[in-house]
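Peer 1: Protein chains in written order, with numbering that gives the first Met the number 0: chain S, 0 to 401; chain U, 0 to 401.
Virtual Cβ for every residue (Gly too), placed ideally from N, Cα, C.
There are 2 protein chains.
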Amino acid sequence: MQIMSAPALDWTQHLTKNSQGLKRSAVREILKVAVRPEVISFAGGLPAPECFPSELIASASARLLDKDHCRSSLQYGESEGLAELREHLGTSVSRPMEEVLITSGAQQGLDLLGRVLLAPGDVIAVENPTYLGALGAWRPQGVRFAPVPIDGDGLVVEALEKLLETERPKFFYTMPNFHNPAGAVLSLERREQLISLAEKHALLILEDDPYGDLRYDGEAMPSLLSLATARGLADRVVHLRSFSKVVAPGFRVGWLTAPPVLHDALVKVKQSADFHPNMLGQRIMLEVIRDDSFPAHLDHLREVYGARRDAMDDAVSRHFPGGTTWTTPQGGMFLMAQLPAGIDAASSLPTALEAKVAYVTIDNFTVDGSGQDAVRLNFSNASPERIEEGIARLGDLFRSLA
Amino acid sequence: MQIMSAPALDWTQHLTKNSQGLKRSAVREILKVAVRPEVISFAGGLPAPECFPSELIASASARLLDKDHCRSSLQYGESEGLAELREHLGTSVSRPMEEVLITSGAQQGLDLLGRVLLAPGDVIAVENPTYLGALGAWRPQGVRFAPVPIDGDGLVVEALEKLLETERPKFFYTMPNFHNPAGAVLSLERREQLISLAEKHALLILEDDPYGDLRYDGEAMPSLLSLATARGLADRVVHLRSFSKVVAPGFRVGWLTAPPVLHDALVKVKQSADFHPNMLGQRIMLEVIRDDSFPAHLDHLREVYGARRDAMDDAVSRHFPGGTTWTTPQGGMFLMAQLPAGIDAASSLPTALEAKVAYVTIDNFTVDGSGQDAVRLNFSNASPERIEEGIARLGDLFRSLA
Chain S
0 MQIMSAPALD
10 WTQHLTKNSQ
20 GLKRSAVREI
30 LKVAVRPEVI
40 SFAGGLPAPE
50 CFPSELIASA
60 SARLLDKDHC
70 RSSLQYGESE
80 GLAELREHLG
90 TSVSRPMEEV
100 LITSGAQQGL
110 DLLGRVLLAP
120 GDVIAVENPT
130 YLGALGAWRP
140 QGVRFAPVPI
150 DGDGLVVEAL
160 EKLLETERPK
170 FFYTMPNFHN
180 PAGAVLSLER
190 REQLISLAEK
200 HALLILEDDP
210 YGDLRYDGEA
220 MPSLLSLATA
230 RGLADRVVHL
240 RSFSKVVAPG
250 FRVGWLTAPP
260 VLHDALVKVK
270 QSADFHPNML
280 GQRIMLEVIR
290 DDSFPAHLDH
300 LREVYGARRD
310 AMDDAVSRHF
320 PGGTTWTTPQ
330 GGMFLMAQLP
340 AGIDAASSLP
350 TALEAKVAYV
360 TIDNFTVDGS
370 GQDAVRLNFS
380 NASPERIEEG
390 IARLGDLFRS
400 LA
Chain U
0 MQIMSAPALD
10 WTQHLTKNSQ
20 GLKRSAVREI
30 LKVAVRPEVI
40 SFAGGLPAPE
50 CFPSELIASA
60 SARLLDKDHC
70 RSSLQYGESE
80 GLAELREHLG
90 TSVSRPMEEV
100 LITSGAQQGL
110 DLLGRVLLAP
120 GDVIAVENPT
130 YLGALGAWRP
140 QGVRFAPVPI
150 DGDGLVVEAL
160 EKLLETERPK
170 FFYTMPNFHN
180 PAGAVLSLER
190 REQLISLAEK
200 HALLILEDDP
210 YGDLRYDGEA
220 MPSLLSLATA
230 RGLADRVVHL
240 RSFSKVVAPG
250 FRVGWLTAPP
260 VLHDALVKVK
270 QSADFHPNML
280 GQRIMLEVIR
290 DDSFPAHLDH
300 LREVYGARRD
310 AMDDAVSRHF
320 PGGTTWTTPQ
330 GGMFLMAQLP
340 AGIDAASSLP
350 TALEAKVAYV
360 TIDNFTVDGS
370 GQDAVRLNFS
380 NASPERIEEG
390 IARLGDLFRS
400 LA
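1. Is it true that the stretch 12 to 19 of chain U meets the stretch 352 to 371 of chain S, where meeting means three or more beta-carbon pairs spaced less than 8 Å apart?
2. With 16 as the cutoff for other CB atoms within 10 Å, does U:Ala98 come out buried or exposed?
3. Quick check: what's the CA-CA separation for S:His178 versus U:Gly80?
4. Determine the DSSP secondary structure at S:Thr324, reduced to helix, strand or coil.
5. Return no unless some Cβ of chain B is closer than 7 Å to the Cβ of U:Gly280.
6. Please name the residue in S:Leu255, S:Ala59, S:Ser71 whose C-alpha comes closest to that of U:Gly249.
7. Determine, using beta carbons only, whether U:Arg301 and U:Tyr215 come nearer to each other than 7 Å.
8. Residues of chain U with a CB under 7 Å from the CB of S:Gly104: which are they?
9. Rounded to the nearest angstrom, how far is the Cβ of S:Leu297 from that of S:Leu63, given a contact under 8 Å?
10. How about S:Ala181 and S:Met284: are their beta carbons less than 7 Å apart?
11. Which chain U residues are close to S:Ser40, counting only those with a beta carbon under 7 Å from its beta carbon?
12. Quick one, which of U:Glu388, U:Gly113, U:Asp312 has its alpha-carbon nearest U:Arg375's?
13. My understanding is that U:Leu111 touches U:Leu338, with C-beta atoms under 8 Å, so please give their C-beta distance in whole angstroms.
14. Quick one: give me the first and last residue of the alpha helix (DSSP H) that S:Gly89 is part of.
15. Under the DSSP definition of a beta bridge, which residues are partnered with U:Tyr172?
16. Residues bridged to S:Asn377 by DSSP?
17. In whole angstroms, give me the CA-to-CA distance for S:Asp9 and S:Thr102.
18. Would you kindly work out how many angstroms separate the C-alpha atoms of U:Ala345 and S:Asp207, rounded to a whole number?
19. Going straight from the alpha carbon of S:Arg289 to that of S:Leu261, what length do you get?
20. Check whether the stretch 108 to 127 of chain S and the stretch 161 to 178 of chain S touch, using three or more Cβ-Cβ pairs below 8 Å as the test.
21. Can you say whether S:Pro148 is buried or exposed, counting buried as having 16 or more other CB atoms within 10 angstroms of its CB?
22. Does DSSP classify U:Ile39 as helix, strand or coil?
23. Going along the chain, which residues of the stretch 216 to 246 of chain U sit with their C-beta nearer than 9 Å to a C-beta in chain S?
24. U:Asn277 and S:Val251 - do their beta-carbons sit closer together than 7 Å?
25. Which residues, in chain order, does the stretch 373 to 391 of chain S contribute to contact with chain U at a C-beta distance below 9 Å?
26. Output needed in chain order: residues of the stretch 54 to 69 of chain S with a Cβ under 8 Å from some Cβ in chain U.
27. Taking S:Gln107 as the query, report the chain U residues whose CB atoms sit under 7 Å from its CB, ordered along the chain.
28. Rounded to whole angstroms, what's the CA-CA distance from S:Pro259 to S:Gly108? Just pull it up for me.
29. Taking all protein chains shown into account, do 16 or more other C-beta atoms lie within 10 angstroms of the C-beta of U:Leu226, making it buried, or fewer, making it exposed?
30. Please determine, among U:Ala42, U:Pro36, U:Gln19, the residue with the shortest C-alpha to C-alpha distance to U:Pro349.
31. Tell me where the alpha helix (DSSP H) around S:Leu100 begins and ends.
32. Between which two residues does the beta strand (DSSP E) carrying U:Gly253 extend?
33. Between S:Gln337 and chain U, is there a C-beta pair that is closer than 7 Å?
34. Evaluate S:Gly322 with the Cβ neighbour count: other Cβ atoms within 10 Å of its Cβ, from every protein chain shown; 16 or more gives buried, anything less gives exposed.
35. Look at the Cβ atom of U:Asn380, then the Cβ atom of U:Ala118, and state whether they are nearer than 7 Å.
36. Quick one: grab the DSSP three-state call for S:Phe242.
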């Protein structure tokens with residue numbers, strides 16, 4: 000019979016080696032479990048849905064989809080993104096709109112950069128730990144990650160300097176504000192030192208800054224892009240930004256600035272990747288961030304998240320075993336806690352899920368697999384009461400292992 | 000001075016060779032010129048904005064963004080796409096939802112497939128001419144395209160059979176319905192022959208079908224997916240679909256079905272490419288296509304586009320020089336006209352733009368650069384009156400060159 004005799008396709012012949020080796024994102028897979036309402040999840044990086052500026056979004060959408068105005072939100076658009084939005088964003092970082100590219104979420108920026116910059120065997124310098132979505136985007140390209148340590152003041156610049164004596168990385172990827180997962184902020188002095196390194200070594204810096212607007216304490220720092228621009232070195236910095244944390248992630252609208260030659264290459268790849276970012280999402284973003292009430296929305300977000308940060312900082316100090324260390328984050332969405340020696344948080348995750356609490360371990364964020372004894376805890380998407388309850392459950396677990 | 004002394008980055012060192020060689024999509028660049036209102040453009044592939052189901056979209060959006068329901072349209076979502084939408088679409092093609100992947104436009108489906116299936120040196124069999132967005136997505140991967148001719152009944156299957164005697168292509172990419180740019184429909188007999196080839200040679204077929212719902216004459220044909228499924232060969236076909244032509248393109252929501260192993264690989268790449276398709280766009284699509292009035296919208300679209308197809312077919316027959324040949328398309332959005340020998344339509348494009356009419360030439364769609372004497376004419380985005388006027392202008396130009 001024909002149905003029986005047809006040989007199945009041999010997918011090991013069909014799929015590329017790289018794609019056969021790809022793992023699903025551990026965090027996204029944990030999220031699927033952690034989404035059950037009875038689980039208190041510190042695992043993801045979700046913004047709080049009760050803080051979405053939903054009325055602003057709904058009224059913007061209603062205006063944009065009005066019969067007389069809807070066509071420009073529904074038709075194909077330019078690969079570079081909506082011109083008005085690019086102009087607005089360029090102005091916000093003092094760069095020309097020609098250097099702004101709207102992306103399908105900031106994640107697409109990382110992906111497109113990898114596609115135009117990376118060839119097999121290339122070296123990328125990264126903070127260790129670093130954002131796992133960046134590792135996931137670039138690892139399939141057959142690159143080697145050169146790790147640079149971070150401390151409470153962010154990147155250890157001397158370590159990068161030393162690395163540059165022997166390595167020639169395609170770029171250095173950094174999160175200077177409220178680092179994911181570490182929560183650290185790069186000090187002003189180190190920012191200036193980093194720009195000096197970029198000057199000396201013709202180093203390209205990818206500055207990923209999705210959390211910069213979410214500062215709860217202390218003074219705002221100038222971006223690496225602005226410091227480089229002031230020194231005539233704007234071509235050293237790609238500046239990546241997100242709307243996911245300050246408006247809403249479901250729209251998949253992010254943006255970046257890039258020097259002209261690189262911008263041009265990114266646009267070409269963007270054309271074949273998905274033509275252009277979705278139009279309604281771009282127009283809604285523009286309406287929302289231009290609205291007179293948007294600064295008040297940001298203030299509200301900072302107030303709510305700041306209280307949650309406080310609740311988590313306090314709960315960790317009371318419930319986690321003695322010897323746990325962490326830096327209280329001045330902003331962002333994450334607190335990283337280093338557990339006392341001998342506690343394997345990675346192996347304990349199933350037990351934690353049974354106790355209805357979820358987290359991710361830092362080994363997901365390192366290039367050397369270290370960090371099984373450290374956890375990233377997201378505080379933006381749980382009330383102070385749920386944070387207290389969840390951290391208490393986790394504290395019970397970790398103290399039982401200490 | 001520091002600003003003067005800083006050496007610029009050497010981008011030829013930084014950008015990959017592939018991305019330095021990338022060209023901007025010719026059609027998308029022509030579109031930028033052709034968008035001026037005084038130009039009658041047959042160049043793009045734009046649906047008619049006056050036919051967008053804008054009231055359906057606006058009312059769906061208002062319901063979805065209602066204060067009590069908005070959160071699920073604004074938060075992060077699953078990489079595979081919205082489960083309810085996948086289920087609905089799977090049912091529509093009699094495949095399980097597990098095989099459905101929602102993409103950021105159908106273009107992303109082509110891109111993701113290239114990323115998991117293609118390595119440098121691989122051979123891809125394509126119809127010649129074929130969709131330039133597919134060529135653009137896969138060419139940077141260092142592949143070789145093996146061309147297969149098409150005629151008025153679509154793909155010449157015997158030519159593919161002959162090719163398979165000596166080549167082992169990673170897949171065969173085909174547009175069986177209202178081919179872009181040729182307008183042809185693959186006959187039922189050839190569809191069955193193609194599935195037999197797929198069986199015999201363990202050939203993977205990429206069936207790209209963005210226009211299938213836009214049929215103005217004749218009988219609907221069964222998809223390659225359905226024919227393969229009926230013969231126990233569903234693992235031979237990836238079926239790619241779009242909402243851009245039947246709802247609206249600005250949302251960047253497309254979809255595909257893929258056999259399980261391939262689907263799994265695509266989800267992993269999708270995760271690092273842009274996390275997931277935008278949520279509001281997915282939810283709006285689901286509301287729109289489930290609405291009781293959607294079939295009437297499709298009927299209206301077919302009526303409007305059918306009249307435009309008629310207007311173009313008629314105008315070409317009256318205005319184009321003697322010796323021009325074309326197949327009247329039974330559906331879709333394009334008419335391909337082969338001009339008499341000696342007319343170089345590619346070189347004449349600047350003159351045409353001066354005469355305020357735009358088209359694209361078929362050499363953009365071929366793997367061998369042939370087709371400078373043939374044009375693709377889009378009829379969906381101009382009124383019959385504008386079509387008459389524009390084709391008359393083009394006829395004047397081409398007759399002057401004959």
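Peer 2: According to the structure data:
1. no
2. In the sequence under discussion, the amino acid at residue 98 of chain U is Glu, which differs from the Ala named in the question. Here U:Glu98 is buried. Its C-beta has 16 or more other C-beta atoms within 10 Å.
3. 29 Å
4. strand
5. Absent here is chain B; the protein component of the structure consists of chains S and U.
6. When each option's Cα is compared against that of U:Gly249, the closest is S:Ser71.
7. yes
8. Going along chain U in sequence order, the residues near S:Gly104 (Cβ under 7 Å) are Asp273, Phe274.
9. Actually they are not in contact, since the Cβ atoms of S:Leu297 and S:Leu63 sit about 22 Å apart, beyond 8 Å.
10. no
11. Under the 7 Å cutoff, chain U gives no residues; its nearest Cβ is about 12 Å from S:Ser40.
12. U:Asp312
13. About 37 Å; that fails the 8 Å criterion.
14. S:Gly89 -> alpha helix (DSSP H) spans 82 to 91.
15. Within the DSSP bridge table, the entry for U:Tyr172 names U:Val125, U:Leu205 as partners.
16. S:Phe333
17. 35 Å
18. Rounded to whole angstroms, U:Ala345 to S:Asp207 spans 43 Å at the Cα level.
19. For the pair S:Arg289 and S:Leu261, the Cα-to-Cα distance works out to about 28 Å.
20. yes
21. exposed
22. strand
23. Hits within the stretch, in order: Arg230, Gly231, Leu232, Asp234, Arg235, Ser243, Val246.
24. Going by the sequence as given, residue 251 of chain S is Arg instead of Val. In contact: S:Arg251 and U:Asn277 (Cβ atoms closer than 7 Å).
25. none
26. Glu54, Ile56, Ala57, Ser60, Ala61, Leu64, Asp65, Lys66, Cys69
27. Ala272, Asp273
28. Rounded to whole angstroms, the separation of the alpha carbons of S:Gly108 and S:Pro259 is 15 Å.
29. Buried, since its Cβ has 16 or more Cβ neighbours within 10 Å.
30. U:Ala42
31. Counting along the chain, S:Leu100 falls outside any alpha helix (DSSP H), though it belongs to the beta strand (DSSP E) covering 99 to 102.
32. 253 to 256
33. no
34. exposed
35. no
36. Three-state DSSP puts S:Phe242 in coil, outside helix and strand.
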